[in-house]
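>
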Amino acid sequence: MGLFDKLKKIVRNKPQTEEQQVKEALYDVGLKKTREEFVSKLSRLGIKYTRINDAYFEELEDLLISADIGVSTVFSFLERLKQRVKKERIENTKDLNEVIVDELFIIYVNNESLTTKINIVENSPTIILMVGVNGVGKTTTIAKLAYKYKKEGKKVMLIAADTFRAGAVEQLKIWANKTESLFYGCDNIDPAGVIFDGLEMAKQQNADIVLIDTAGRLQNKVNLMKELEKMNKVIDRIIPGAPHETLLVMDASTGQNGIMQAQSFKEITKITGIVLTKLDGTAKGGIVLAIKETVNIPVKFVGLGEGMEDLQTFDIEEYIYGLFKDMM
Amino acid sequence: MFEYMGDRLSNAIKNIRGMGRITEENISDALREIRMALLEADVNYVVVKEFIASIKEKAIGAEVGKSLKPDELFIKLVKDELVSLLGGDFVPLETSKNPTILMLVGLQGSGKTTTAGKLANFLRKKQAKNPLLVACDIYRPAAIEQLETIGKSLGITVFTEGKIAPVQIVLDALDFAKEKKHDYIIIDTAGRLQIDVALMQELKDISSTINPHETLLVIDAMMGQDAINVINGFNEALSLTGTILTKLDGNTKGGVALSVRHLTNIPIKFVGDSEKLDGLSEFFPERMANRILDMGDILSIADKVNDIISEEEALDTAKKMKKGTFDLEDFLATLKQIKKLGPLENILKMLPQARKLGINNVNINPKDMAHVEAIILSMTPYERHHPEILKATRKQRIAKGSGRSVEEVNKLLKQFEEMKKMMKMVSSGNMKMPF
């Protein structure tokens, strides 16, 4: 049984709860742009070249690069593809499409059982630290996560440790009100100090989930990255073992710099997952694959729209199905 | 930015050096390196193709003259091609109308609000304008407060009317500007996707209501291959007059800079290069090309220095250095001037051969400089003029006062003495400058 059939079966056999239906619909709409760009081009390539040759591979390379998959990832991908073509004696491009999807899938899965689960601890607040470069949507993502956990009946608290950007504390406070979450923030210059006081409050109030917003920092700013180290120390001192999750928020339209972002943040702090925002707005988002291959951090959430419910746990099967369903 | 392009290129052209002429074979490695570097810098793949083809064609046909060796010729070709890709001539901002109206548009998170503040600051400082900031982002929570905070810190008026229709806001802002004699209006709009029909219509409505003289797209330099769709989307709706590239101070290679002009013919007008409110520079294609190729950007450094340090101050310092009367008080003043230039790393990066010297990626801890300052500030003015009187007890007092150790005080004094010796040698002509 081919990969397409398997995927179809997996997706269709999922229990059709209301939640699952919402999820499928969101992936369908959110990935529309990518599907139309990338997949339709891939199909057209298959029509233009019925037989596989060098010119075909060259255009395929352009196509993959234009999807932000990452230059070195694309090159190694093409090498593997060429080998398979030779070994399996694939001659026409139509048969190759399924192999292409299969290989893309392999880059992501890479013999590992990937966990998109968030590490929730019992008996103490679960601390989730949100980090990332400027303008990727950290604060908005926190609002969406707060909404999600609130709906699950958790007591949520938001801590505004972005003391740098004008209006950032105010922005988070508005979201805390809207999502009826606890809130701590003040115009203290030192974010570690804010976190210290905030976590004390979280313990007193018995919060279940604490989401910490931090200032956007470009990964090459040493001092800002050091500040992050300090925050981690403070968190660990008040709640040993925390943060339980450190999520790197990343804009889906980021190019090759995304790899550097992931690498640099990983060096400073233990990144447990990536939140890929604004996926609905880009026709690319191939950076997910590049990051998985070079840095090996799983994507845990994807932002598929601007609504509060549009932040979804990342599901590789839904993702691949949402992308390639027109070809299946 | 473009960190690796220069490296890759200088490695690749080693092969060409010493060759009698440029052939397809001896530049093929170099071309491949350039292609990889450009793709890794997120330059649009169509642009990369054309760029490579064009260089190849020109290089193979080129005459290797007496004055230029093949590798030099090749670099020159690449540079010329880069300059033409980046847009040839510098296109200045419209400033002649009264009031001049400028509208900033872009995706969410590209940096519009911060850029609005930087632009206002720039126009006031460089063009002696009296700018008015207008808050039209009625969607993102606290966006208006953000602009207000920025305005307050700059002492620039921000026009807000809360969350009413943006078209009404801009009309009222125009009246306000005329009444209060503001000659430049900067409109901050909400971030939006170029495919969001309703929100794009809102921008068109704002635009047709006030007919801005400049409509600038603010775009994140880290953006990947999708950048071109964003630019085209906004341009079709609004006919952009330019773009502003933000977050170039990250280690992004900003390939989008190379794609914008070539694919859309829209000039890049500014680049954002630090988080501070003076972190906005005009975009000069030739200088940027030099920087990419590691040929340095002395002109931009000179601009920065001229902005901050007056000529008299510089002359005064030079005189003192020559006479050997340069004391710790002068040193402190110099330190303060250097600090005003912004992060020193950014300046070092612009020096020619920065990569070769290994100073393109140094990290200077601003705290080290602050410590030096603290030590000097803990001295009495007399001590600053006569550091030779500093003995154990005075040093201990200074160490305590500045919160540093006596060793650090000693180290600073020693370094200062050596620096003074060097200055004397240089000015008396006993030493050749290292460059």
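Chains as they are written, first to last, in my numbering: chain A, 697 to 1024; chain B, 152 to 586. The C-beta atom is built at its ideal place from N, Cα and C for all residues, glycine as well.
Taking the straight line between their C-alpha atoms, what separation do you get for Ile1016/A and Lys704/A?
Answer to the nearest angstrom: the Cα atoms are 10 Å apart.
> Check whether the segment 766-784 of chain A touches the segment 984-996 of chain A, counting contact only when three or more Cβ pairs, one atom from each stretch, lie closer than 8 Å.
As far as the Cβ criterion goes, the segment 766-784 of chain A touches the segment 984-996 of chain A, which means the pair count is three or higher.
> Bridge partners of Leu282/B, per DSSP?
One detail in the question is off: residue 282/B reads as Pro in this sequence, not Leu. In the DSSP output, where bridge partners are listed per residue, Pro282/B has Tyr335/B.
> For Asn362/B, which of Ala213/B, Met373/B and Ile336/B has the nearest alpha-carbon?
Cα-wise, what sits closest to Asn362/B is Ile336/B.
> Taking a Cβ distance cut-off of 7 Å, strictly less, list which residues of the segment 364-376 of chain B are near chain A, in chain order.
So the close ones are Asp371, Met373, Met374, Gly375 and Gln376.
> Between Pro585/B and the rest of its own chain, which residues show a CB-CB distance below 7 Å, the 5 nearest in sequence each way excluded?
Low per-residue confidence applies at Pro585/B: pLDDT is 39, beneath 50, and the placement is therefore not dependable enough to give any value.
> What residues from chain B crowd round Val707/A, counting only those whose CB sits closer than 7 Å?
Going along chain B, no residue has its Cβ under 7 Å from Val707/A, so there is no contact; the nearest lies around 26 Å.
> Does chain B have any CB closer than 9 Å to the CB of Met697/A?
Here the model assigns Met697/A a pLDDT of 47, short of 50, so the residue's position is not dependable, and the following value carries that caveat. It does not: the Cβ of Met697/A has no partner Cβ on chain B nearer than 9 Å.
> Residues of chain B with CB under 7 Å from Ala862/A, in chain order?
Going along chain B in sequence order, the residues near Ala862/A (Cβ under 7 Å) are Gln297, Thr300 and Ile301.
> By alpha-carbon positions, which one of Lys728/A, Leu722/A, Val971/A and Met897/A ends up nearest to Asp947/A?
The shortest Cα separation from Asp947/A among Lys728/A, Leu722/A, Val971/A and Met897/A belongs to Val971/A.
> Can you check the segment 872-915 of chain A for any beta strand (DSSP E) of at least 3 residues that lies completely inside it and give the ranges in chain order?
Entirely contained in the segment 872-915 of chain A, the beta strand (DSSP E) runs reaching 3 residues are, in chain order, 878-880 and 905-910.
> Taking beta-carbon pairs under 7 Å, can you tell me which members of the segment 865-894 of chain A lie near chain B?
Within the segment 865-894 of chain A, the qualifying residues are Glu866, Gln867, Ile870 and Trp871.
> Using a Cβ-Cβ distance cut-off of 9 Å, determine whether Thr772/A contacts chain B.
Correcting the residue type first, residue 772/A is Ser in the shown sequence and not Thr. Chain B, which has no Cβ nearer than 9 Å to the Cβ of Ser772/A, makes this no.
> Can you tell which of Pro317/B, Gly401/B, Gln345/B and Ala328/B has the C-alpha that lies nearest to the C-alpha of Ile955/A?
Checking every option, the nearest Cα to that of Ile955/A belongs to Gly401/B.
> Report, in whole angstroms, the separation of the C-beta atoms of Asp823/A and Pro939/A, which I expect to be a contact under 8 Å.
This sequence places Ile at residue 823/A; Asp is not what is there. Confirmed, Cβ separation roughly 4 Å.
> Work out the CA separation of Ala898/A and Met927/A for me, nearest whole Å.
If I take the Cα positions, the gap works out to 16 Å.
> Got a sec: which bits of the segment 899-916 of chain A sit with their beta carbon under 8 Å from any beta carbon on chain B, in order along the chain?
From the segment 899-916 of chain A, only Leu914, Gln915 and Asn916 have a Cβ closer than 8 Å to chain B.
> Using the three-state DSSP reduction, which class does Leu760/A fall into: helix, strand or coil?
In the structure shown, Leu760/A sits in a helix (DSSP, three-state: H, G or I).
> Pull up the DSSP beta-bridge partners for Met695/A, would you.
The shown model of chain A, from 697 to 1024, leaves out residue 695/A, and the question about it has no answer.
> So, does the CB of Asp180/B fall closer than 9 Å to a CB anywhere in chain A?
It does not; no Cβ of chain A falls within 9 Å.
> Compare the beta carbon distance of Thr837/A and Gly969/A with 9 Å and say whether it is the shorter of the two.
Not a contact, by the Cβ cut-off of 9 Å.
> Mind checking whether Leu854/A and Ala842/A have CB atoms under 9 Å apart?
Taking 9 Å as the Cβ cut-off, Leu854/A and Ala842/A qualify as a contacting pair.
> Can you tell me where the alpha helix (DSSP H) holding Phe997/A begins and where it ends?
Note, Phe997/A: premise wrong, no alpha helix (DSSP H); beta strand (DSSP E) at Val995 to Gly999.
> Less than 8 Å separating the Cβ of Ser877/A from some heavy atom of the ligand FMN?
With respect to small molecules bound, the structure shown includes none, and the ligand FMN cannot be examined in it.
> With distances taken Cα to Cα, identify the nearest neighbour of Met921/A among Glu963/A, Val998/A and Ser762/A.
Of Glu963/A, Val998/A and Ser762/A, the residue nearest in Cα terms is Glu963/A.
> Lys926/A lies in the alpha helix (DSSP H); which residues open and close that run?
Note, Lys926/A: alpha helix (DSSP H), Val918 to Ile934.
> Kindly say whether Ala763/A, judged by its beta-carbon, lies nearer than 9 Å to any beta-carbon of chain B.
By this cut-off, Ala763/A is an interface position.
> Where in the segment 709-782 of chain A do unbroken runs of the alpha helix (DSSP H), each at least 4 residues long, occur, reported from the N-terminal end onward?
Whole alpha helix (DSSP H) segments, 4+ residues: 714-726, 736-744 and 750-762.
> Please compile the residues from chain B whose C-beta is within a distance smaller than 7 Å of the C-beta of Ile964/A.
By Cβ distance, chain B contributes nothing, its closest Cβ being about 13 Å from Ile964/A, past 7 Å.
> Who are the near neighbours of Tyr845/A in its chain, counting only those whose CB is closer than 6 Å to its CB and skipping five residues on each side?
Cβ neighbours of Tyr845/A beyond the five flanking positions: Val852 and Ile905.
> Is the beta carbon of Glu559/B closer than 9 Å to that of Met526/B?
Note that residue 526/B is Ile in the sequence shown here, rather than Met. Yes, the Cβ-Cβ distance between Ile526/B and Glu559/B is below 9 Å.
> Ignore the nearest five residues each way along the sequence and tell me which others in Asp932/A's own chain have a CB closer than 7 Å to its CB.
Once the five neighbours on either side are set aside, the close Cβ partners of Asp932/A are Ala938.
> Taking Cβ to Cβ, would you say Ile765/A is nearer than 9 Å to Phe753/A?
Their beta carbons are not under 9 Å apart, which means Ile765/A does not touch Phe753/A by this criterion.
> Looking only at DSSP bridge pairs, what is Met374/B linked to?
BP columns for Met374/B point to Thr950/A.
> Looking at the strands, I want to know which residues DSSP matches up with Glu433/B.
Phe421/B.
> Is the beta carbon of Thr264/B less than 9 Å from the beta carbon of Leu305/B?
Cβ distance not < 9 Å, so Thr264/B and Leu305/B don't count as in contact.
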